[in-house]
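Residue numbers 1 to 443, in full-length UniProt numbering, belong to the letters of the sequence shown in order. Even for Gly, the Cβ is constructed at its ideal location relative to N, Cα and C. Fair warning: this is a prediction, and the values are worked out from it, not measured in the lab. This report concerns only the one structure given below.
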Amino acid sequence: EDAELKALAEKSAREVAGHPRLVRRRMVAFAQTLRVWSKYWKTYHFQCLEVAALERAKAVAWATGPSAAPVNAVEPQSHRVRDFLDFMVKREAVRQRRSTGSPPPWSDDWILNSFKFTNVKREHDATTRWMRENWTADRRDADAGQTIFNCALFRYFGTVAMGQRLQWVSSSFDPEDVLRLAVEVRASGLHVFTPAYCKPHFNSEGNFEQAVSVYEKVCYRYLNSLWRARKTLSDVATRTRSWKALVSELRTNPSIRGFGGTGFMAKEILVDAMHTPALPGIVDRNSWCPCGPGARRGINRIFGRPTKEHAASRAQEPVFLHRMLYLFHEAKKQLPEWCDALSIELHDIQFQLCEFDKYERVRLAEPGVVQHFVPQHSQRPQHALSTPTAESLTSFHAGRSLRVQKHSSAQVWESVDGPVGAAAEVGTVGRGASKKKKVNAAN
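Structure follows, in C-alpha cells:
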C-alpha cells in the first residue's frame, strides 16, 4: 500500500510540475477549504462553550434555588467587573453634585465631565420625573392595558413638549388627533421625538414632510395597533404577573406593530408601567430583563468577548441574561450599601451596561457617536427646527380625509368572534361599527 501511495504521489507531482495553473488552482481550493473549516470550527467551539454555560447555570439553579447567581462557562474578567461598578458609582456621584448646584468639574474623570450618560436610576431623569408627576400620578384606577398604552403614547415620542399637549386616553383613541398635536409641536420649532433612544425619528424632523410621514406611521400603525390589543395585554398581566410574558406579547403578537426587534421599546414602556399600581407584584422584576444591543456590547467587554459578538441575536438572549444576572449579583455583593440606598434593580444594570459601552468607546477612541454634555440652561442649536411653510401646513390639514381613507382601506371586516385583541375602538376611524370590528390587514 505504501508503494502504491508513493507511486500515486510521484504521478501527481509530475502532472503538477507541467501545469503551473493547476498548482495555483489547487492551492486556492485548499486555502478556501481551510477558511471554511476554520469558520465552522470557531462557530462550533463557541456554541459548545455556551451550551456548557447554560447547563452549568441550570445545575446551580436546581441545586441552590432561583436566588443563586448563575454561573457561566465564559468567566468575566474581575478587573473589568470592577471597572463597570466604579463607572456606576462615579456616574451617580456626578448626578448628586449637579443636583446640589455644584459647578463643574463634577468628577476627576474627564469623560464623565464632557459626555452625556444616563443616570444610574432612570427615575432620576428629568423626563421620567415629569412623566411620573404629570402623566401617571393621577391614574391609579387605570387597568394594565390602558396604562401600558398610555405609557407607550408618551414614550414613543419622549419629549415634555409633546407630553404637555397630549391627554390620557381612557375610552377612545383617535390617531388623527395625536398626529395633529405632533404637527403643532413641530410647527412651533420644537422636537416631538427625543434623541435619547429614537435617533432616526429625531433626525427625520429636520424635514417637515418627512417628519409628518413618521408621525403618521407612529400614530396610525404603532399606537393604533397597541390600543386595539390593550385588553389582551390586561389579560396577560393579570394571568402571569410577569413582565417577561408582557414583553413577549408585545414583540410577537401579530396584531401589535412597532414593539418587536430587540424589544427595546417594549421594555421602555413596561418599566414605566411597573412603577404604577396597574402592575403590582411583578414576579420576575429582578430575575428577567431584555438585554439590548448596547448592553450586550457592554457585557462582551466585561467578559472579554469581541465587542459586537451576538449583539442582535435572539438565540443568545438566555446567555446575555445569565451574564447580566451575574453582574447584578456582583453589584449587590460588592456594593451592598450603595445598591440598597439607590434600590438598584436588574433593569438599572441593563441601562448602565449600555452607558459603560459608550464610556469605553470614548476612552478607547473607537468609532461611534457619543453626545457631548450640554447643560440644560445652555442654547441647544441641535434642538432648534425651522418653521414649516404655510403651504406645507395647509397641505397637511387638507390631507386629513385622505389619511383616514387610506388607513381605513388597509383594514378588513371580521365578525365579533375574531381573534382576541382586535377591538374596534379606533376613534373616528370605524365609528358606528357596533357589531363588527376591524383588524389591520397589514398585521
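- Burial is judged here by how many other beta carbons sit within 10 angstroms of a residue's own beta carbon; S170 has fewer than 16 and is exposed.
- Residue environment analysis places Q334 among the exposed positions, since fewer than 16 neighbouring C-beta atoms fall within 10 angstroms of its C-beta.
- Counted as a single uninterrupted DSSP element, the alpha helix (DSSP H) harbouring D272 occupies residues 264–273.
- Boundaries of the alpha helix (DSSP H) harbouring E176: 175–187, taken from the DSSP string.
- When the alpha-carbon of G298 is set against those of H191, N224, L327, the nearest one is in L327.
- CA-to-CA, the gap between A311 and H329 works out to about 22 Å.
- Residue burial annotation: G304 is exposed, with fewer than 16 other C-beta atoms found within 10 angstroms of its C-beta.
- When the beta-carbon positions are compared, F208 and P388 come within less than 7 Å of each other.
- In this structure, W288 is the residue among S343, L342, W288, P306 with its C-alpha nearest to the C-alpha of P318.
- Between V94 and L112, the beta carbon gap of about 5 Å places them in contact (Cβ cut-off 8 Å).
- Here the C-alpha atom of H372 lies approximately 20 Å from the C-alpha atom of G158.
- A144 sits away from A341, with the two beta carbons spaced by 7 Å or more.
- Boundaries of the alpha helix (DSSP H) around F396: 390–398.
- Counted as a single uninterrupted DSSP element, the alpha helix (DSSP H) harbouring Y326 occupies residues 317–334.
- In the displayed model, H310 falls within coil according to three-state DSSP, outside both helix and strand.
- Distance from the CA atom of I269 to the CA atom of D108, rounded to whole angstroms, is 35 Å.
- Cβ-Cβ distances below 6 Å link G260 to R251 in the same chain, with the five nearest sequence neighbours on each side left out; the list follows chain order.
- G206 sits in coil when the DSSP states are folded into three classes, being neither helix nor strand.
- Closest in alpha carbon position to K121, among R363, A390, H275, is H275.
- About 5 Å separates the CB atoms of Y215 and L179; that is less than 8 Å, so the two are in contact.
- It is roughly 20 Å from the alpha-carbon of L364 to the alpha-carbon of P76.
- N150 counts as buried, since at least 16 other C-beta atoms from the protein chains shown sit within 10 angstroms of its C-beta.
- Taking a contact to require three or more Cβ pairs closer than 8 Å, the stretch 388–405 and the stretch 195–213 qualify as touching.
- By DSSP's assignment, H372 forms a beta bridge with F115.
- Nearest neighbour of Y197 by Cα position, chosen from R257, S172, C354, turns out to be C354.
- Sequence-distant Cβ neighbours of T136 in its own chain, meaning closer than 6 Å and more than five residues away, are T276.
- By the beta-carbon neighbour count (other beta carbons within 10 angstroms, threshold 16), E249 is buried.
- DSSP lists G158 as the beta-bridge partner residues of F193.
- Proximity to S102 across E391, P375, S392, T307 peaks at P375, based on C-alpha coordinates.
- The beta carbon of R165 is closer than 8 Å to those of L181, E184, V185 in its chain, skipping five residues each way along the sequence.
- In this model, H201 and P105 are separated by some 33 Å (Cα to Cα).
- Non-local beta-carbon contacts of G258 in its own chain, meaning distances under 6 Å to residues more than five positions away in sequence, involve Y222 in chain order.
- For E355, the enclosing alpha helix (DSSP H) stretches over residues 346–363.
- Scanning S255, K332, D177, A126 for the CA closest to the CA of R82 turns up K332.
- Rounded to the nearest whole angstrom, the C-alpha separation of A295 and R140 is 32 Å.
- Per the coordinates, the alpha-carbon of R132 lies some 15 Å from the alpha-carbon of A161.
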